[in-house]
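Presented below is the structure to which this report refers.
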Amino acid sequence: MGMRRGDRFLGAAMFVPALVYIAGLVGVPLVLAFLYSVGNVTVGSVGYKFVGLANFRSVLQNPAFRGALLHSFVFTVSAQLLVIVGANILAMALRNPFRGRGLVRFLTLLPWVAPISLGAIGWKWILDSIYSVVNWALVQVHLVKPFDTPMWLGEPTLAMLSVILVHAWRMMPFSTVILLAGLTAIPRDIPEAAAVDGAGFWRTHFEITLPMMRPVIAVALLFGIIFTFTDMTVVYILTRGGPYDSTHVLPSYAFFAGILGGSLAEGAAVSVFLVPILVLVAWAMLRVAHSSEVV
Amino acid sequence: MAIVETRNLTKVFKQGQLGAVNDISLLTREGEFMVFLGPSGSGKTTLLRMIAGLEEPTGGDVLIGGRVVTGLPPRERRIAMVFQSYALYPHLSVYKNIAFPLRAQKVPKEERRPKVEWAAGLLGIGELLERKPRELSGGERQRVALARAIVREPSVFLLDEPLSNLDAKLRASAREELTQFHKRIGTTTIYVTHDQVEAMAMGDRIVVLDKGVVRQVGSPREVYDDPADTFVATFLGSPPMNLVDHGEVLAGFRPEHLLPAVLVEGPAVALTARVTGVEYLGNERVLYAQIQDGRFAGKRLIGRLPSVYHVEIAEGESVRLAIPERNLRYFAKSDGRRVEPRSLAWE
Amino acid sequence: MTGRPGGPPGARGVRLPPGVLRWAIVLTFAVLLAFPFLWMGITSFKQTTDLYNTKNNPFLFNLPPTLDHLKLLFNETLFLRWLGNTALAGALVVMITLLLGLPAAYALARLTGRWGQRLGIGIFLTYLIPPTLLFIPMSRVVALLGLQDSLWSIILVYPTFTLPFSIWLLMAFFKSVPRELEDAAMVDGLTRLQAFVQLVIPISLSGILTVVIFSFTLVTQEFVYALTFISSAAHQTVSVGVPIYLVRGDVYYWGSLMAACLIASLPVAVLYNLFLDRFVAGFTVGAVK
Numbered sequence: 001m002g003m004r005r006g007d008r009f010l011g012a013a014m015f016v017p018a019l020v021y022i023a024g025l026v027g028v029p030l031v032l033a034f035l036y037s038v039g040n041v042t043v044g045s046v047g048y049k050f051v052g053l054a055n056f057r058s059v060l061q062n063p064a065f066r067g068a069l070l071h072s073f074v075f076t077v078s079a080q081l082l083v084i085v086g087a088n089i090l091a092m093a094l095r096n097p098f099r100g101r102g103l104v105r106f107l108t109l110l111p112w113v114a115p116i117s118l119g120a121i122g123w124k125w126i127l128d129s130i131y132s133v134v135n136w137a138l139v140q141v142h143l144v145k146p147f148d149t150p151m152w153l154g155e156p157t158l159a160m161l162s163v164i165l166v167h168a169w170r171m172m173p174f175s176t177v178i179l180l181a182g183l184t185a186i187p188r189d190i191p192e193a194a195a196v197d198g199a200g201f202w203r204t205h206f207e208i209t210l211p212m213m214r215p216v217i218a219v220a221l222l223f224g225i226i227f228t229f230t231d232m233t234v235v236y237i238l239t240r241g242g243p244y245d246s247t248h249v250l251p252s253y254a255f256f257a258g259i260l261g262g263s264l265a266e267g268a269a270v271s272v273f274l275v276p277i278l279v280l281v282a283w284a285m286l287r288v289a290h291s292s293e294v295v
Numbered sequence: 001m002a003i004v005e006t007r008n009l010t011k012v013f014k015q016g017q018l019g020a021v022n023d024i025s026l027l028t029r030e031g032e033f034m035v036f037l038g039p040s041g042s043g044k045t046t047l048l049r050m051i052a053g054l055e056e057p058t059g060g061d062v063l064i065g066g067r068v069v070t071g072l073p074p075r076e077r078r079i080a081m082v083f084q085s086y087a088l089y090p091h092l093s094v095y096k097n098i099a100f101p102l103r104a105q106k107v108p109k110e111e112r113r114p115k116v117e118w119a120a121g122l123l124g125i126g127e128l129l130e131r132k133p134r135e136l137s138g139g140e141r142q143r144v145a146l147a148r149a150i151v152r153e154p155s156v157f158l159l160d161e162p163l164s165n166l167d168a169k170l171r172a173s174a175r176e177e178l179t180q181f182h183k184r185i186g187t188t189t190i191y192v193t194h195d196q197v198e199a200m201a202m203g204d205r206i207v208v209l210d211k212g213v214v215r216q217v218g219s220p221r222e223v224y225d226d227p228a229d230t231f232v233a234t235f236l237g238s239p240p241m242n243l244v245d246h247g248e249v250l251a252g253f254r255p256e257h258l259l260p261a262v263l264v265e266g267p268a269v270a271l272t273a274r275v276t277g278v279e280y281l282g283n284e285r286v287l288y289a290q291i292q293d294g295r296f297a298g299k300r301l302i303g304r305l306p307s308v309y310h311v312e313i314a315e316g317e318s319v320r321l322a323i324p325e326r327n328l329r330y331f332a333k334s335d336g337r338r339v340e341p342r343s344l345a346w347e
Numbered sequence: 001m002t003g004r005p006g007g008p009p010g011a012r013g014v015r016l017p018p019g020v021l022r023w024a025i026v027l028t029f030a031v032l033l034a035f036p037f038l039w040m041g042i043t044s045f046k047q048t049t050d051l052y053n054t055k056n057n058p059f060l061f062n063l064p065p066t067l068d069h070l071k072l073l074f075n076e077t078l079f080l081r082w083l084g085n086t087a088l089a090g091a092l093v094v095m096i097t098l099l100l101g102l103p104a105a106y107a108l109a110r111l112t113g114r115w116g117q118r119l120g121i122g123i124f125l126t127y128l129i130p131p132t133l134l135f136i137p138m139s140r141v142v143a144l145l146g147l148q149d150s151l152w153s154i155i156l157v158y159p160t161f162t163l164p165f166s167i168w169l170l171m172a173f174f175k176s177v178p179r180e181l182e183d184a185a186m187v188d189g190l191t192r193l194q195a196f197v198q199l200v201i202p203i204s205l206s207g208i209l210t211v212v213i214f215s216f217t218l219v220t221q222e223f224v225y226a227l228t229f230i231s232s233a234a235h236q237t238v239s240v241g242v243p244i245y246l247v248r249g250d251v252y253y254w255g256s257l258m259a260a261c262l263i264a265s266l267p268v269a270v271l272y273n274l275f276l277d278r279f280v281a282g283f284t285v286g287a288v289k
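Structure follows, in structure tokens:
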């Protein structure tokens, strides 16, 4: 391997600054997050008192919190389902070159690349209760009556649907790009062999192509889950958690309780509920990375 | 078992350019092992893929068993194909790989296992059924690909250079096994290769292709001993045929027919040349010689002398070489096509 | 490449020529995904009376287009200030990321042997610790350092998420540079550090550029930290400033708002699009052969 003692020292020296930085600015707040969740800290407070699980108990008794917990799961799962199916279809359509593919790629990438808050506020305008262009279109094709247009962000069910759709909209390009990479990694022979063997389109897709793409689908899914589950921007911008707390998710609720409400302890306790999912996803990712390649 | 026919089959990839396959009409015999032989770019693989239905012809028709299949997708042609890379489904076990075509054709579950076991048995891979492709050696993968092809009892087998991914050592034994396999099964087989040794060893007939055009169709003996043009003459046989420019025609003779004059009896052409190199290969010596004087001064020749002949040949020496008349072949200079033998002055 | 245009072999069951189906899919998705941006564009130039007249067809310019919203945006709001703040923060964060990340990635790629691999994975996993978990204690840390309501707070904190992914990407790039190059340089008399700076870095320039672009886009997109740490409009970034401060009371200035969104989104999109394949490589290393 040709590494000398001097190299090891150099390696450590080159690596340590980044390590210290990350350990300091990620590790310390992480520890603090746990400490706050079991302490009594507010924005103005100075001291620290250990209160055990009191914060968690009070938070769990709050129906708004329980709603936020539920919504986090519902939104993430629904959005990811839409994304995986949609990204699959789009990846297949984009697989072979065609005129204009570059432009299409650019257009389909926009939701992921634009800052989340700006995309969200764009949607807020599109879904505005009075001026929504979607509603105008629906009225034109006579699917809704002119004075009975859906209040996309004003009615709990519709608001939840809107949040899910915006999340799916944002994540679609990301997953498409990753799935496309996995799709193009399949050697051309394989679908041809399946065709010669007698498989039609659907059989080839479900029994050959998809299974071969399993690791890539896993990566897209896991990242998608993280990015959706831990996001507070979409909810904050679209609905501020309303109407009637029906669209709050864990991160947005933590923000409202911790920063706007001033109770850092409560906010920390809420955000700690993110950890089990993160650990699960991290473990799943390691499994995918370690499992042997599919060839 | 069916006859494969192509009628005026053409494939053009780019408008205005010469096609990859140009107006090829072929007819196989029932149960024969036909080889498409040619260098890369000769169109042999494109031709095979059109027969399989993986490429759509620009013109012409494909018929299998007398039925026009030109517009049909591969699965309606009752063919099986073995790809160069074998294209085994990596996530399925060997058993499931072989069973896949049966599932695709909706063969009832009870009938599948016996068929898979029959195919596996035929190829001697019965113990490998539970393994995954990545756990197998190259030779084993090839057999799985064959088993998967044969399990549907197709009427035609198509093979696209299936031996090129194997080590040289393995290739010879795999070749023999394939030939035996074909004898047992008797299905019409079309085999694509660029390796003329494979073609000669395995083929009942060889179709020699160059730049999308058929140069000759014939048995190994026919294409080797009676080549139709200079392309066939120089493509088959290694080292290639010596070609001497004799004015109006090219005169050709194979290295194994260029012998020291003392060994040649009967009507023959004699030449004097200086030996520029001798390679001792164990079973034979390869002679490199150059004609010094006369009409063909400067012409380099290659000869093959079996070691059983203990004639002294030393580098730098001038030797008298001879070619039996009956081994000379003549080709027109204009288009390389074979022409009538004639007597010519050589010295 | 099959002779048939478009569809995979075996798709012959579909009556339509396969190209049509693909175009339908592509068009649908392109419209659904890009429509909001088109809408931002149209809204930016429509006169207010036209915008708020529900009887009008919103797809048409019923009154002639106007530059008023743009003028308002640039002259009467802090939009330009926000763009400047974001650009400054982006530049500094990228510098910090490169300063800390380049040596770390090189060390992991070349110098640390077996547990280098593990450390690399560890670094990557920190990328999975979201700002929405850390922002509460982080706000305390920022306050303690006296950086609240200052651009410096986010300049300090943003590298926590640009570094892990950048190190991961750079590690992959450095690993693809053949070892022999540095070995040859060291035989010729350079120290390893010199070989790194004078040889490896110039060779990996395109990879480094990728990391720069990627980190910059991460900075422009971030929302939670900026919202939490910075309280006054003048110090904000575009990502928070536009949705929060282009509002007077309950009234949204949609024309200017949409213009701001479009202006802030497009350049980033163009840059990202150019370097797309590299990002994908970073995310899928190990999952795709």
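Protein chains in written order, with the working numbering: chain A, 1 to 295; chain B, 1 to 347; chain C, 1 to 289.
Note that CB positions come from ideal geometry on N, CA and C, so glycine has one too.
For residue j and residue i, believed in contact at Cβ under 8 Å, the rounded distance
{"i": "B/L26", "j": "B/E5", "result": "7 Å"}
{"i": "B/L163", "j": "B/R171", "result": "5 Å"}
{"i": "B/W346", "j": "B/L271", "result": "6 Å"}
{"i": "B/L166", "j": "B/G138", "result": "5 Å"}
{"i": "A/V113", "j": "C/Y272", "result": "5 Å"}
{"i": "B/V35", "j": "B/I206", "result": "5 Å"}
Identity of the residue in the options nearest residue i by Cα
{"i": "C/I201", "options": "C/F135, C/F161, C/G101", "result": "C/G101"}
{"i": "A/T82", "options": "A/L161, A/A269, A/F206", "result": "It should be noted that the sequence gives Leu, not Thr, for residue 82 of chain A. When only C-alpha atoms are compared, the closest one is A/L161."}
{"i": "C/A89", "options": "C/S265, C/P159, C/D188, C/P267", "result": "C/P159"}
{"i": "A/A282", "options": "A/P97, A/L153, A/I225", "result": "A/I225"}
{"i": "C/P137", "options": "A/K145, A/V31, A/Y21", "result": "A/V31"}
{"i": "B/V286", "options": "B/G277, B/G294, B/Q292", "result": "B/G277"}
{"i": "B/G121", "options": "B/I98, B/L258, B/L54", "result": "B/I98"}
{"i": "B/K106", "options": "A/S291, A/L138, A/R203", "result": "A/R203"}
{"i": "C/P131", "options": "C/Q47, C/A264, C/L218", "result": "C/L218"}
{"i": "B/R215", "options": "B/R338, B/G19, B/D204", "result": "B/R338"}
Distance between residue j and residue i (C-alpha atoms, nearest Å)
{"i": "B/T46", "j": "B/V21", "result": "7 Å"}
{"i": "C/L70", "j": "C/D250", "result": "21 Å"}
{"i": "C/K55", "j": "C/T43", "result": "16 Å"}
{"i": "B/E176", "j": "B/M200", "result": "12 Å"}
{"i": "A/M285", "j": "C/I121", "result": "10 Å"}
{"i": "C/V298", "j": "C/F214", "result": "Any answer about residue 298 of chain C is impossible in this case: the structure gives chain C only from 1 up to 289."}
{"i": "C/P5", "j": "A/F98", "result": "Only weak support exists for where C/P5 lies, its pLDDT of 39 falling under 50; the value from the coordinates is given anyway. The straight-line gap from Cα to Cα measures roughly 9 Å."}
{"i": "C/T246", "j": "A/S263", "result": "Before going further, note that residue 246 of chain C is Leu rather than Thr in the sequence given. Using only the alpha carbons, I get a separation of about 28 Å."}
{"i": "A/L107", "j": "B/Q196", "result": "52 Å"}
{"i": "A/A120", "j": "A/V166", "result": "7 Å"}
{"i": "C/L156", "j": "A/H290", "result": "34 Å"}
{"i": "A/P156", "j": "A/G261", "result": "23 Å"}
{"i": "C/T2", "j": "B/L54", "result": "Here the model assigns C/T2 a pLDDT of 39, short of 50, so the residue's position is not dependable, and the following value carries that caveat. Each residue's alpha carbon lies about 7 Å from the other."}
Within chain E, the residues that residue i reaches when beta carbons sit closer than 9 Å
{"i": "A/I217", "result": "The structure shown contains no chain E; its protein chains are A, B and C."}
Next item on the list: Could you run through the stretch 81-102 of chain C and flag, in chain order, every residue whose CB is less than 7 Å away from some CB of chain A?
Entry: So the close ones are L100, G101.
Notebook entry, point to check: When Cβ atoms are compared, which residues of the stretch 85-105 of chain B fall closer than 7 Å to chain A?
Noted result: The residues in question are S85, A87, Y89, P90, H91, F100, P101, A104, Q105.
Note to self: Counting only Cβ-Cβ distances shorter than 7 Å, please list the residues of the stretch 179-202 of chain A near chain B, keeping chain order.
What the structure shows: Listed in sequence order: P187, D189, I190, E192, A193, A195, V196, D197, G198, A199.
Check: Could you give the uninterrupted runs of the alpha helix (DSSP H) lying entirely in the stretch 219-278 of chain C, keeping only those of 4 residues or more?
Finding: Counting whole runs of 4 or more residues, the stretch 219-278 of chain C contains the alpha helix (DSSP H) stretches 224-229, 238-245, 254-274.
Notebook entry, point to check: Between the stretch 21-41 of chain C and chain A, which residues of the former have CB atoms less than 7 Å from a CB of the latter, in chain order?
Noted result: Against chain A - using a Cβ distance shorter than 7 Å - the residues of the stretch 21-41 of chain C are R22, I25, V26, F29, A30, L33, A34, P36, F37, W39, M40.
Next item on the list: Ignoring anything shorter than 4 residues or poking outside the stretch 63-107 of chain A, list the alpha helix (DSSP H) runs there in chain order.
Entry: Whole alpha helix (DSSP H) segments, 4+ residues: 63-94.
Notebook entry, point to check: Relative to chain A, which residues along the stretch 58-81 of chain B have a C-beta separation below 8 Å, given in chain order?
Noted result: Considering only beta carbons, the part of the stretch 58-81 of chain B lying closer than 8 Å to chain A consists of P73, P74, R75, I79, A80, M81, in chain order.
Next item on the list: Name, going along the chain, the residues of the stretch 39-59 of chain B whose beta-carbon falls closer than 7 Å to a beta-carbon of chain A.
Entry: Within the stretch 39-59 of chain B, the residues whose Cβ lies closer than 7 Å to some Cβ of chain A are A52, L54, listed in chain order.
Next item on the list: May I have a chain-ordered list of the beta strand (DSSP E) segments no shorter than 3 residues that lie completely inside the stretch 81-115 of chain C?
Entry: The DSSP assignment places no complete run of the beta strand (DSSP E) inside the stretch 81-115 of chain C (cut-off: 3 residues).
Margin query: Output needed in chain order: residues of the stretch 31-48 of chain A with a Cβ under 7 Å from some Cβ in chain C.
Written below: From the stretch 31-48 of chain A, only L32, A33, Y36 have a Cβ closer than 7 Å to chain C.
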